[in-house]
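Structure, as structure tokens:
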Amino acid sequence: MASSTGYTLVLFVLLFANIIIINLWWNQDVLYMKRFATVQPLPIPKGVTSGNLYNASPAEPETSHSHPLCPNRKLRNIPHFSYPPATPRQWATHMDTTSGTLSRFTIVNDKESYSVCDQLELLIEARNGYDEPKTYGGDFFSAKIFTQNGSFIAGSGTDGEVLDLGNGNYSAFFTLKWAGTVRINVTLIVPSEAVFEQQNLKETLQPLVNYLGKFSKKIDGKDVTEEVRCGNVPVYRLTSICNLSNPYVGLTWYCQKPNSSLLSCADWTEVTSLPYDTNKMIEDQAYSRRSSVVHRPAAPIVGLPNHVTVNSESDDFINEQVDRLPVCGQQHARFQVIPWVAGFYRNKRWFPPTCKVKLFTGKECKKCLANKNIYIYGDSTIRQAYSQLVKLSGAKYPAGQFIGPVDTYVAEHNIHLHYSFHNIPILHKNFWHKLSILRFVTNELDAIGSNETVVVVISLWAHFQAVTRPLYEQRIKSIADAARRLLNRNPTAVVMFKGGNTQNPYGSRVQYANDHYARDNEEALRRILKSYPKIQFIDAWDMSRGQLAPADTHPPEPHLSNLIDQILTIACPRSI
1 MASSTGYTLV
11 LFVLLFANII
21 IINLWWNQDV
31 LYMKRFATVQ
41 PLPIPKGVTS
51 GNLYNASPAE
61 PETSHSHPLC
71 PNRKLRNIPH
81 FSYPPATPRQ
91 WATHMDTTSG
101 TLSRFTIVND
111 KESYSVCDQL
121 ELLIEARNGY
131 DEPKTYGGDF
141 FSAKIFTQNG
151 SFIAGSGTDG
161 EVLDLGNGNY
171 SAFFTLKWAG
181 TVRINVTLIV
191 PSEAVFEQQN
201 LKETLQPLVN
211 YLGKFSKKID
221 GKDVTEEVRC
231 GNVPVYRLTS
241 ICNLSNPYVG
251 LTWYCQKPNS
261 SLLSCADWTE
271 VTSLPYDTNK
281 MIEDQAYSRR
291 SSVVHRPAAP
301 IVGLPNHVTV
311 NSESDDFINE
321 QVDRLPVCGQ
331 QHARFQVIPW
341 VAGFYRNKRW
351 FPPTCKVKLF
361 TGKECKKCLA
371 NKNIYIYGDS
381 TIRQAYSQLV
391 KLSGAKYPAG
401 QFIGPVDTYV
411 AEHNIHLHYS
421 FHNIPILHKN
431 FWHKLSILRF
441 VTNELDAIGS
451 NETVVVVISL
461 WAHFQAVTRP
471 LYEQRIKSIA
481 DAARRLLNRN
491 PTAVVMFKGG
501 NTQNPYGSRV
511 QYANDHYARD
521 NEEALRRILK
531 SYPKIQFIDA
541 WDMSRGQLAP
551 ADTHPPEPHL
561 SNLIDQILTI
571 ACPRSI
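Mapping the sequence shown onto full-length UniProt numbering, position 297 (from 1) lands on 297, and the numbers just tick up by one.
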């Protein structure tokens, strides 16, 4: 009897335990379903899309064009700076967003050994914080291959973009360009949820950066001064504003009209930007609630295997092909080829995919620049080049000259070097800049004479990340038109644009400057310059993607040295 009672008790306990387990399982499942029941499409303000307006289809089959580095291969039409818009669902927590730690990649065409010029293909699977596969695209992934083996160092980005397949999966393609153990690095730069938030922020809460304008004049020997709000859109919807725009130079700009009746809109004399954290509209619109997503640092993606072996028998092939390429500045169809093939670093030297670059010594630099006027316009990423050219010319860069205009003359070689900033927008917080000193690139180009032996280098991107694409395009078109006028009246002039580069945003700055904004503007720059075939282009974005050093707004060596060699090669192609 006791045995029967004990047996019944055991059965009851087991039954009760099963009921508890089933109930727990059911509750967890209900919670799981409830969480996803709240995941609804995020409201999209009219006109807002996180992708660019020139979306391309996934990689197409081989084209009729030969690969510039591997002539036995046909090119695939892999889109570059074309990506579908991100329309992520509403997330409850950061766990619902793409996780760099849990996302993964695999090699699609994995094999024991590869040859130089083989194509390597990756499949990247985006996963959220619950280790569940994402079902929509929009993530910003970057991938590179590299080798770091003693004295040998090499690196290269993907051919074209990491392709968004729209279902949470992504493809990446590489051309293998050197022998040895080639490692693979995939990084989640910006999750799709943050891409959407960043674009929404940029297009609906302008101006992202707050500016002050100073209006001043002398009346009866006394200074009358007033500081007011300014920006690239009418300030706080005030009706009393000064429209200070200048379409000819590509400027759209507004300031609050001074309250003083003694001051008019014509009395605007200075401008300054305020610290990034002064834009309270961002907080008011609840973007701070999403800061854990938007401010997340870039994260590496795990993959197995994470390297491939390229046999050494074919190692010299690429070097031979590079020697056969046309000199940079002399090649045709630059923008038609760049979208499909990435350049590469080899032992600190950069090799563009479509042209040949000469290495210049200090003596050769002076010979190249002798009897020339070199005009450099733009932000600090091209001021670096000015500083380096001054040094190579045997002169000394004036201390404290961040904005310019600054001129250096080397009498021994009759070299004239000039640098000036590109004018507004200018993110140099709490420092007042006099409008009488700031120069617009369009006006500067118009002032260059028809008989000068001139080289012009232009780069403006870093300070334009927080403005909308139409405003950036307006400035680029104005400058490109001025460059065309210069080339028409002075056919011997050389004009080149340097593109932007990858960077490492931090803190609140990421709301105003990030790789998504920079990539979007880079697409616009390249698309516009396609209509100006006489303007040369230096692909700094590809250079920074392939470097082994961490991304930086001002990339470390060997980026700068290679940039200088490209500028000099384009300026003096006959010396090669």
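Each residue gets a CB set at the ideal place from its N, CA and C atoms; glycine is no exception.
For the pair M496 and L244, the Cα-to-Cα distance works out to about 29 Å.
For S216, the CB contacts under 8 Å within the same chain, skipping 5 residues up- and downstream, are D223, V224, T225, E226, L263, D267, T269, E270 in chain order. For the region 170-220, the continuous beta strand (DSSP E) assignments of 3+ residues that do not extend past its boundaries occur at 180-190, 211-219, in sequence order. The C-alpha of Y409 is placed about 44 Å away from the C-alpha of P297.
Look at L122 here: in three-state DSSP terms it is strand.
In this model, A540 and G546 are separated by some 10 Å (Cα to Cα). When the five nearest sequence neighbours on each side are left out, the beta carbons in the same chain lying within less than 7 Å of the beta carbon of D315 are those of V116, W178, A179, in order along the chain.
Ranked by how close their Cα comes to the Cα of D542, the residues G155, S103, Y254, L122 have G155 in first place. For F152, the enclosing beta strand (DSSP E) starts and ends at 152-157. For N319, the enclosing alpha helix (DSSP H) has its first and last residue at 316-324. Under DSSP, H94 takes part in no beta bridge, so it has no partner. Buried is the label assigned to T98, since at least 16 other Cβ atoms lie within 10 Å of its Cβ. With distances taken between CA atoms, Q511 lies nearest to Q198 out of R127, W350, Q198.
DSSP places K434 in the strand class (E or B) of the three-state scheme. T408 has L417 as its beta-bridge partners, per DSSP. Rounded to whole angstroms, the gap between the alpha carbons of L487 and S459 is 18 Å. The region 448-462 and the region 371-387 touch, with no fewer than 3 CB-CB distances between them shorter than 8 Å. With at least 16 other beta carbons inside 10 angstroms of its own, R383 counts as buried. E522 and S261 have their C-alpha atoms spaced approximately 44 Å apart. In this structure, DSSP gives L427 a state outside helix and strand, which the three-state scheme calls coil. Taken atom to atom, the span from the alpha-carbon of L163 to that of S171 is near 5 Å. Under DSSP, the beta-bridge partners assigned to Q256 are I241.
Taking 7 Å as the cut-off, the beta carbon of G168 is found closer than this to the beta carbon of K134. Closest by C-alpha distance to A549, out of K144, G137, A411, S387, is K144. Within the same chain, N423 come within 6 Å of L438 by CB-CB distance, once the 5 residues on both sides are set aside.
The three-state reading of DSSP puts T225 in strand, counting E and B together.
Each residue's CA atom was taken as its position, placing P305 and N109 some 12 Å apart.
Straight-line measurement puts the Cα of R509 at about 17 Å from the Cα of N501. Under the three-state reduction of DSSP, F105 is assigned to strand. Separation of P405 and Y419 (C-alpha to C-alpha, rounded to the nearest whole angstrom) is 6 Å. Closest option to I184, judged by alpha-carbon separation, among I124, N232, G362: I124.
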